[in-house]
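In order, the protein sequence lines correspond to chains A and B.
Numbering-wise (our numbering), the first sequence opens with residue 1244 and increments by one.
Numbering-wise (our numbering), the second sequence opens with residue 164 and increments by one.
Ideal Cβ placement from N, Cα and C applies to all residues, glycine included.
Inspection log for the structure reproduced underneath, given as structure tokens.
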Amino acid sequence: MPSRALAPLVVLIALAMPLTACGRASSTGVQAGIKQLASISAEGALMADDVARRRSKVTFVRVHGAELSAQAEHEAEKLNDDPVAPRLKQPIHTAIELSADIGGAIDDLRVSPQDRHQALESKRKLLHWAEEAGKLAEEL
Amino acid sequence: MKKLFQLALGIIAAIGGFVDIGELVFNTQAGADFRYQLLWAVPVGVIGIVVFAEMTGRVATVSGRPVFDVVRMRMGLNVGLVTLVASLLINLLTLAAEVGGAAIVLQLLFDVNVSTLILLVVVALVLIVYFVPFGGIERIFGYLGCALLVYVAAAVHLKPDWHQVGQGLIPSWRSSSTALYAYFVVGVIGAALVPYEVYFYSSGAIEDRWTVKDLGLNRANAILGFTLGGILSIALIVVAGEVFFDPQIQPGYLGTTALGAQRAFGEAGLVLALLGMLFAVGGAAVECATSGAYTLAQFAGWEWGKYRRPREAPRFTLAWLAFFALAFVIVETGVDPVLLTEYAVILSVVALPMTYLPVLLIARDRTFMGEHANGKFAATLGWLYFVIILVVALAAIPLMLITDGGAS
């Protein structure tokens, strides 16, 4: 029976559908993206704090830092690519600039995880940007 | 004395083996988003797995029939086949997530290319399953997974507000972020109730050749092992609540979970957490692959069991090898193991009633179970949990869609 033959296909499509759902044309979607940037920055600051206090492992800082940095870039790409209302263009522009700063500070941390002064500096910046991104998200 | 020793070993293995990537992901996210407010969902899930596992262990011991033998017998070929296919797909997704998780943990430890590590993980796990007997597998991963107890120490060390922690253990509802809250309730309960653990547990009763004399051991293992394992889940939520809630960090990586232990104990905490995770997800991967092979072999009536040599159960051996091979292919596509975990947990919740119901029906059947059938207490608890599982199963997919997989 055709309906029986189609059943596995329907199940597969149902399983795959949520994986493809990543559009964010609404202000809620943009807000979620910016909150994500705030989260990355705050997490980078925690990691930088541990590096500054020699309480971390080089491989961990490099690998997890790379994940966070790549995610910041990915969030910026999504914010840039998705169609949005004109009133959202300015906050998105600010968020994209923030994402570059956040990714850069985390990358600095990854390049020299033994440098405590660099880590302290990264921590200070990342905390500041986490707060800025948080405020930006709240304003939307 | 020997029994007591056996019980203690079983419990230690169960504690270390309780946590898998589902708990690592969902409990950390739950703590980060809602601090202690979702703690109550852990005991709900833990009691559920205790009830389900004890029943399947008892049914397997008394009747010699593990879960999928019972599913086919009670539900017939057609419905049984749907249950089998759903279970196999979910097992495969979970296995891929566990393999990917193990590779990521190794990468965090050694900073080596993740593709190479995925291959290494799969080869190592295949060799372990092939050469190590069932009891050995349980113990290796269970004992070494106990390194995750670092989260219990971290939860105490971070000095949470114990009054708030206590309040979090009392079921409550939120008026704001209701859908997200409900999604994590489903996720935390679902992560504790993953079906592969039960398939593995009931097959283990036959692998270990339990007799009715071992029913006390079955009950003690299920109650103490899973309950004490649940403490690890609670610790993960408390640590995430302490470290990630205030700075509003949304954990999306296993590295974030490890960072919680690092915040408490520095590099030593980090290394212990990563080693614990490695053996917890590695052990879960072995359980997933063998559970897949168990279910398939039990349903099809093939020879199965790790107590048999591979050539004595060739289709069973081929099945778990195929599971590892398929998981390898899935993870090598670059799919995010954390995302895969979220879908695997939610989908396994949806499929759960299909395996739970036949076990519940047979466990109360006196003609089948004799004097070991469910008593009044077990029957009441069993049906109560069937209702809970049904509600959670019905809510799972809509909540996943509404919250965009917990993202908003």
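Can you say whether residue i is buried or exposed, counting buried as having 16 or more other CB atoms within 10 angstroms of its CB?
{"i": "G446 (chain B)", "result": "buried"}
{"i": "W325 (chain B)", "result": "exposed"}
{"i": "K1368 (chain A)", "result": "buried"}
{"i": "D1353 (chain A)", "result": "Reading off the sequence, residue 1353 (chain A) comes out as Arg, not Asp. Buried, by the Cβ-count rule."}
{"i": "R302 (chain B)", "result": "buried"}
{"i": "T453 (chain B)", "result": "buried"}
{"i": "A1328 (chain A)", "result": "exposed"}
{"i": "V128 (chain B)", "result": "The first residue shown for chain B is 164 and the last is 571, placing residue 128 (chain B) beyond what the model contains."}
{"i": "Q1333 (chain A)", "result": "exposed"}
{"i": "K1378 (chain A)", "result": "exposed"}
{"i": "K539 (chain B)", "result": "exposed"}
{"i": "L557 (chain B)", "result": "exposed"}
{"i": "R1297 (chain A)", "result": "exposed"}
{"i": "S511 (chain B)", "result": "buried"}
{"i": "A1343 (chain A)", "result": "exposed"}
{"i": "S1282 (chain A)", "result": "buried"}
{"i": "L280 (chain B)", "result": "buried"}
{"i": "R477 (chain B)", "result": "With the sequence shown as reference, residue 477 (chain B) is identified as Pro, and Arg is not the correct amino acid for it. So P477 (chain B) ends up on the exposed side."}
Starting from the C-beta of residue i, find all residues in its chain whose C-beta is less than 6 Å away, skip the five residues before and the five after it, and write them out in chain order.
{"i": "I1349 (chain A)", "result": "G1287, G1308, L1311 and S1312"}
{"i": "T543 (chain B)", "result": "none"}
{"i": "A427 (chain B)", "result": "A317, H320 and L321"}
{"i": "T504 (chain B)", "result": "I184, G185, V188 and A260"}
{"i": "A354 (chain B)", "result": "G185, E186, F189 and V508"}
{"i": "L157 (chain B)", "result": "What the structure shows of chain B is the stretch from 164 to 571, and residue 157 (chain B) is not part of that stretch, so it cannot be assessed."}
{"i": "M517 (chain B)", "result": "T246"}
{"i": "V289 (chain B)", "result": "F487"}
{"i": "A1380 (chain A)", "result": "Q1274, I1277 and K1278"}
Tell me which residues share the same chain as residue i and place their Cβ nearer than 7 Å to its Cβ, disregarding the 5 neighbours each side in the sequence.
{"i": "L1341 (chain A)", "result": "L1280, W1372, E1375 and A1376"}
{"i": "R382 (chain B)", "result": "E217"}
{"i": "T480 (chain B)", "result": "P473"}
{"i": "P334 (chain B)", "result": "W203"}
{"i": "G243 (chain B)", "result": "V234, R235 and F462"}
{"i": "V1304 (chain A)", "result": "M1290, V1294, L1352, R1353 and P1356"}
{"i": "F531 (chain B)", "result": "S226 and I525"}
{"i": "T219 (chain B)", "result": "V230, V361, Y364, S365 and V522"}
{"i": "M238 (chain B)", "result": "T246 and P521"}
{"i": "L435 (chain B)", "result": "A310, V313 and A424"}
State the CB to CB distance for the pair residue i and residue j, rounded to an integer number of angstroms; the pair is presumed to be in contact (CB under 8 Å).
{"i": "A482 (chain B)", "j": "A460 (chain B)", "result": "6 Å"}
{"i": "A431 (chain B)", "j": "G308 (chain B)", "result": "Going by Cβ atoms, the distance from A431 (chain B) to G308 (chain B) rounds to 18 Å, so no, they are not a contact pair."}
{"i": "A310 (chain B)", "j": "L438 (chain B)", "result": "5 Å"}
{"i": "G194 (chain B)", "j": "V401 (chain B)", "result": "7 Å"}
{"i": "E217 (chain B)", "j": "A385 (chain B)", "result": "4 Å"}
{"i": "S1386 (chain A)", "j": "L1331 (chain A)", "result": "Here chain A comprises residues numbered 1244 to 1383, so residue 1386 (chain A) is not present and cannot be evaluated."}
{"i": "L395 (chain B)", "j": "Y314 (chain B)", "result": "6 Å"}
{"i": "V513 (chain B)", "j": "A559 (chain B)", "result": "5 Å"}
{"i": "T420 (chain B)", "j": "T191 (chain B)", "result": "5 Å"}
{"i": "C451 (chain B)", "j": "T257 (chain B)", "result": "5 Å"}
{"i": "V262 (chain B)", "j": "F491 (chain B)", "result": "7 Å"}
{"i": "G497 (chain B)", "j": "L251 (chain B)", "result": "Actually they are not in contact, since the Cβ atoms of G497 (chain B) and L251 (chain B) sit about 23 Å apart, beyond 8 Å."}
{"i": "V207 (chain B)", "j": "G393 (chain B)", "result": "Contact flag wrong, Cβ pair sits at about 10 Å."}
{"i": "L271 (chain B)", "j": "V1301 (chain A)", "result": "Going by Cβ atoms, the distance from L271 (chain B) to V1301 (chain A) rounds to 11 Å, so no, they are not a contact pair."}
Beta-carbon within less than 8 Å of residue i's beta-carbon, same chain only, minus the 5 sequence neighbours each way: which residues are those?
{"i": "A536 (chain B)", "result": "A526, R527, D528 and R529"}
{"i": "L1370 (chain A)", "result": "S1284, A1285 and A1288"}
{"i": "D567 (chain B)", "result": "none"}
{"i": "E1382 (chain A)", "result": "P1334"}
{"i": "N549 (chain B)", "result": "Sequence inspection shows Phe at residue 549 (chain B); the Asn mentioned does not correspond to that position. So the qualifying residues of the chain are P516, Y519, L520 and L523."}
Please list, in chain order, the chain C residues whose beta carbon lies closer than 8 Å to that of residue i.
{"i": "I493 (chain B)", "result": "The question asks about chain C, but that chain is absent: this structure's protein chains are A and B."}
- Message: Pairs of beta-carbons, one from the stretch 469-476 of chain B and one from the stretch 291-305 of chain B, closer than 8 Å: are there three or more?
- Response: yes
- Check whether the stretch 357-375 of chain B touches the stretch 217-237 of chain B, counting contact only when three or more Cβ pairs, one atom from each stretch, lie closer than 8 Å. yes
- Message: Would the stretch 253-271 of chain B count as touching the stretch 553-561 of chain B if we require 3 or more Cβ pairs under 8 Å?
- Response: no
- Query: Is the stretch 209-216 of chain B touching the stretch 406-415 of chain B in the sense that three or more CB pairs, one from each, lie closer than 8 Å?
  - Reply: no
- Query: With contact counted as at least three CB pairs below 8 Å, one residue from each stretch, are the stretch 275-295 of chain B and the stretch 364-383 of chain B in contact?
  - Reply: no
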